[in-house]
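Per my numbering, the very first residue in the sequence shown carries number 26; after that it's consecutive.
Here's the structure, in structure tokens; my notes come after.
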Amino acid sequence: MKRIPHSPVRAQRGVAMIEVLVSILLFSLGILGLIGLQTRAMNFSVDAADRNRAALLANEIASTMWLNNSITVDTSAGTAWATRIADVSKDGLPGATATVAPVTTLVNTADITIEWAPPQRNAADKSRLTTRVTLPPPP
């Protein structure tokens with residue numbers, strides 16, 4: 026009996042399909058990784074914008090202190106500032122609270138603390154910015 030050898034083409038059938046499927050799988054995993062990186066980059070960008078806004082808002086009340094040459098803030102100005110901080114429609118921060126507290130151990134010094142809860146995080150995981158203002162002694 027004469028044997029007919031199998032042709033190499035017949036033995037290779039389906040291998041190209043498997044290679045294509047594996048390459049599609051690897052490509053899909055790469056795309057999913059890029060989507061995850063983009064999401065994290067957007068979250069970091071929002072966090073940076075919130076920190077920048079908090080610093081600007083703290084600087085605003087610190088400037089008022091410097092103009093008045095006093096670490097105490099007028100009640101109406103302080104209330105308006107605290108209201109504006111929590112108003113997201115007016116460049117405020119989400120769920121923000123602010124305090125201005127004199128530092129008892131230092132003369133003419135106050136701490137401005139702003140806390141806010143970014144919407145992409147848990148409510149208990151708040152961000153905080155504290156700025157210390159030291160005014161020159163009165164003449």
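Backbone N, C-alpha and C fix where the C-beta goes; we use that ideal spot for every residue, glycine too.
Since the structure is predicted, the reported quantities are computational estimates derived from the model, not experimental observations.
- Ranked by Cα distance from Pro144, the first of Val71, Leu46, Met42 and Leu51 is Val71.
- Excluding its 5 nearest sequence neighbours in each direction, Thr89 has C-beta neighbours in its own chain below 7 Å: Val98 and Ala102, listed in chain order.
- Contact between the region 145-155 and the region 75-94 is present: three or more C-beta pairs spanning the two stretches fall below 8 Å.
- In this chain, the alpha helix (DSSP H) harbouring Ile110 covers Thr100 to Ala111.
- DSSP places Arg78 in the uninterrupted alpha helix (DSSP H) bounded by Val40 to Asn93.
- In this structure, Ala126 keeps its C-beta atom at 8 Å or more from the C-beta atom of Ala111.
- Val125 is bridged by DSSP to Ile137.
- Nearest C-alpha to Pro164 among Leu51, Asn133, Leu118 and Ser53: Asn133.
- Considering only Ala149, Ala135 and Ile139, the residue with the shortest C-alpha distance to Gly117 is Ile139.
- DSSP places Arg153 inside the beta strand (DSSP E), whose first and last residues are Ser152 to Thr159.
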